[in-house]
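Letter 58 of the sequence shown, counting from 1, is numbered 404 in our numbering, and no numbers are missing.
Note that CB positions come from ideal geometry on N, CA and C, so glycine has one too.
Taking it in order: structure first as structure tokens, then the write-up.
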Amino acid sequence: MGKEGRNGKDAALAIGSKAPAFTLDGTGGKALSLKDFLGRKNLVLYFYPKDDTPGCALEACGFRDAARRFEENDTVVLGVSRDSLESHQKFSSKHRLPFPLLSDTGAAVCKAYGVFGTKNFMGREFEGIHRTTFVIDKKGTIRQIYPRVKVREHADEVLGFILDELA
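Quick look at the structure:
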């Protein structure tokens, strides 16, 4: 994301900074927190705009297809959007996602990570999530940020980073 966040203000997060703490309700019926993984697993925290839209489905299915490789390399994948748990459950079931989706309906975690802001689509402006992925190591340090995601290749790109830098 560089020195400026999505809304033009100084971004608080950069590679090498500590990941903001979070606790969100997830599919599978339990809340998950950053602290659940500290000292145990690397974390891929990917923020996406909306359940079951074409780009979001491609991205999720990419992570699904690479899930075993992430697991083999001590890495947990979590998807985050503003959708409800009910929506997440339908999306997860439809695409057989083996990882949790977290519901951030109030966008508090999205804002903490600097991924919520003004978007432009087909000539109109609105507030929403900018598709962004964070790789967080076992110590809670942000090791990589992907602010411009090409959904078809994204899971492989992130896995490559994990294999090169954290495995």
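Where does the unbroken alpha helix (DSSP H) through residue i begin, and where does it stop?
i: Glu-405; result: 400-411
i: Phe-437; result: 431-441
i: Lys-457; result: 454-458
Here's the rule I'm using: 16 or more other beta-carbon atoms within 10 Å means buried, otherwise exposed. How should residue i be labelled?
i: Gly-385; result: exposed
i: Phe-383; result: buried
i: Phe-393; result: buried
i: Thr-399; result: exposed
i: Arg-477; result: buried
i: Ser-438; result: buried
i: Gly-425; result: buried
i: Ala-403; result: buried
i: Asp-483; result: buried
Quick check on DSSP: helix, strand or coil for residue i?
i: Asp-510; result: helix
i: Asp-502; result: helix
i: Val-426; result: strand
i: Val-461; result: coil
i: Arg-489; result: strand
Where does the unbroken beta strand (DSSP E) through residue i begin, and where does it stop?
i: Leu-472; result: With the sequence shown as reference, residue 472 is identified as Phe, and Leu is not the correct amino acid for it. Per DSSP, Phe-472 belongs to the beta strand (DSSP E) from 470-475.
i: Ser-379; result: 376-379
i: Tyr-392; result: 388-393
i: Gly-372; result: 369-372
i: Ser-449; result: 447-449
Taking Cβ positions only, does residue i come closer than 8 Å to chain B?
i: Glu-405; result: Looking at the structure shown, chain B is missing, and only one protein chain is on hand.
Comparing C-alpha positions only, which one of the options sits nearest to residue i?
i: Phe-467; options: Lys-387, Ala-454 and Pro-395; result: Pro-395
i: Ala-413; options: Leu-505, Gly-469 and Glu-511; result: Leu-505
i: Thr-479; options: Phe-462, Lys-436, Leu-443 and Gly-375; result: Phe-462
i: Val-481; options: Gly-460, Val-426, Leu-389 and Ala-513; result: Leu-389
i: Ala-454; options: Phe-445, Glu-503, Leu-443 and Pro-366; result: Pro-366
i: Leu-359; options: Ala-458, Lys-485 and Lys-381; result: Ala-458
i: Thr-369; options: Glu-511, Cys-456, Gly-362 and Pro-444; result: Cys-456
Could you tell me whether the stretch 443-460 touches the stretch 422-434, using the rule of 3 or more Cβ pairs below 8 Å?
Contact between the stretch 443-460 and the stretch 422-434 is present, because at least three Cβ pairs lie under 8 Å.
Determine contact between the stretch 395-409 and the stretch 480-499, defined as no fewer than three beta-carbon pairs at a distance below 8 Å.
The stretch 395-409 is in contact with the stretch 480-499.
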